[in-house]
Every structure is written in structure tokens, then in C-alpha cells.
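Start counting the sequence shown at 873; every next residue gets the next number (our numbering).
Cβ atoms here follow ideal geometry from the backbone N, Cα and C, with glycine treated the same way.
Working notes, beginning with the structure itself.
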Amino acid sequence: MKMIGLKIKNRIGYIVINKPKANSYDIDFMKLMADIIDEAVANDEVKVIAIKSKLKKFFCAGADINMFQKNTTDQNKEMVKYANLVAEKLSKSPKITVALLNGHTLGGGLELALACDIRLASDAEYLIGLPEVKLGLMPGNGGTQRLIRRINLSRALEFLLNGDPITPDQAFEIGLVHQFYPESEFNTLTAEYLEKLASGPAQAMSAIKQAVYQGSEMSLEEGLQLETELANSLYDTDDAKEGLKSFVERRKPTYK
């Protein structure tokens, strides 16, 4: 099996990571990840993209530190460039992206999860963190900037400065992950969550994602204008027609 593969089921594109022992990445990993994200985005059968690990104990441990130490500075910069490209593809994808955390999620692994729209976690025994400061470094794949947009700024700063990882339940308490499931039911409950998302109106959800992310970088006036433009763009879509028709007919909508 390749270290990263795409599996499509029930309109969900599962990007499965399988790079023992810890799903640590290098530049080849990130190049492949970028290609697979593009493949999932381009596939009309896929409505939601989910990233999961094939390994039991790790979601992703971030960059391969041994290789990072052996590389030249230019080689490391090139790897970081591709890691940022992957994060950007996830955050700017017109499709909703979800990270399924069921193992250690550290450094660049957490940055990968932060680039997704939604993070779902199990209550297994593992840690979540950005420990780069303990190596005399700092997050370089969006960790500082996305974290402060996901949780309270002062809490994010402390988290980054001490580098101490937290448990999944602590991550849920501070809003770093959206849902928190028993490990024994994780696969079943996350599949249900994803299938519910995938049954929704893709165009409306994509517009909402665009309004939230782009609007957060604008003034209120600019954000409201963007919202109006995006809302207006939906009125003549097949999804809107189906949604309104199903409401009048008192039935559940069926979105393509």
C-alpha cells in the first residue's frame, strides 16, 4: 500500500495515511499528499474530504526529525514550502475537509489537522500538541496563525510557548476539536458524521466556508457584502431549488 491513498465511500473521499512508524513526513510525502488532495477535489463523486491514519497509535507526528536534521537548510525550506501548500489546499478547498484524530497528533501533524475545517477526535490515549519550541524552533506550516483562529488567542500563545501536548479531552474542552467520541465507536460515529455532511447541499456549504474564512479577514462591511454576493449566487442552483421544493412538499431533500 502507498504511504497515502484515496478511498471513496458514500460520497466521502478518505485520504488514508500509512507511513510507519509514526506517519512522519518528508518532501515526497507532502508532494504525494498535494496530488491526492487535488484528486479528491476534482472528483465529482466526492463531497467531503476526510484525512485519517491507518496506524493505530499515530495520526501524524509531523516532520521526520532525523531527516530534518540531516537535510540542508534549503532542503528543509523546500519541504516546509510543500507542507504549507498542502495546508493551503485543504483550507481553500471548495469541499469540506475533516481530520479524524485517533492517535498522536504532533507538530506538523496538528498543523495538518488545523488546516481542515473540522476535527473529530477519539478518547484513546494519545497526545495533541505543537512541541516545536522544545527543539528551539517554531511551527512553520501555519501552526501559529491557524491556532489563534481556532481557539482563544491567549490560550493559544501559552500552548505554543510551553510546547506541552494535551490530551484529546483537553483539546475538546478548549474547542481545538469539534467532537469527541469513544474509541470503540470512533469509526462508526465519524462515518455517520461525515455521511450527514456529505448528504448536504455542497454548493451552499462551500459558500458558507468561503464566507466564514474570507469574511474573517475583512471588515464587517466587506464581510457583509461578500455574504450577500455568495447568498445571491445560490438562488438559482439545483441545490436551492431542491431544498425549497422539498420544504414545500414536506419531505427530506435529496442533494446531488
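Boundaries of the beta strand (DSSP E) around THR977: 976 to 978.
With contacts defined by Cβ atoms closer than 8 Å, LEU1098 and ALA1083 form a contacting pair. In the three-state reduction of the DSSP assignment, TYR1085 falls in the helix class. Taking the C-beta atoms as reference points, GLY979 is found nearer than 8 Å to ALA935. With distances taken between CA atoms, SER1056 lies nearest to ALA996 out of TYR886, ALA996, ALA1063. Contact between the region 1012 to 1026 and the region 949 to 961 is present, with at least three C-beta pairs closer than 8 Å. Nearest in C-alpha terms to ASN895, of all of VAL913, TYR1127, ILE923, LEU1032, is ILE923. Non-local beta-carbon contacts of ILE908 in its own chain, meaning distances under 7 Å to residues more than five positions away in sequence, involve ILE876, LEU878, ILE887 in chain order. Here THR1062 has LEU972, LEU992 as same chain residues with Cβ atoms under 6 Å from its own Cβ, once five neighbours each way along the sequence are excluded. Less than 8 Å separates the beta-carbon of ILE968 from that of LYS1081.
Between PHE940 and TYR1127, the alpha-carbon positions lie close to 46 Å from each other. The Cβ atoms of VAL1005 and LEU986 lie no closer than 8 Å to each other.
CYS988 and SER1118 have their C-alpha atoms some 31 Å from each other. Sorting ILE899, ILE921, ALA914, ALA1074 by C-alpha distance to the C-alpha of ILE937 places ILE899 at the top. CA-to-CA, the gap between LYS891 and ARG1122 works out to about 48 Å.
MET951 and MET902 do touch by the CB rule: their CB atoms are close to 7 Å apart, below 8 Å.
Residue state for ILE1080 is assigned as helix, using DSSP reduced to three classes. According to the DSSP assignment, GLY1095 belongs to no beta strand (DSSP E) but to the alpha helix (DSSP H) extending over 1092 to 1106. The region 972 to 1060 is shown to contain whole beta strand (DSSP E) runs of 3 or more residues at 976 to 978, 990 to 994, 1051 to 1053, in chain order. Take PRO1125, set aside five residues on each side of it, and the residues of its chain with a beta-carbon closer than 7 Å to its own are GLU1114, GLY1115, SER1118, in chain order. Taking 8 Å as the upper bound for CB-CB distance, LYS881 and ALA1074 are not in contact here, some 17 Å apart. By the beta-carbon neighbour count (other beta carbons within 10 angstroms, threshold 16), LEU1102 is buried. Leaving aside the five residues that flank ASN948 on each side, the residues in its chain whose CB is nearer than 8 Å to its CB run, in chain order, PHE940. Taking the Cα of THR1109 as reference, the smallest distance to any Cα among GLN1086, GLY1087, ALA1079 is reached at ALA1079. Taking each of HIS976, LEU1096, GLY1047 in turn and checking the Cα distance to LEU1025, the smallest one comes out for GLY1047. Under DSSP, THR969 forms a beta bridge with ILE921.
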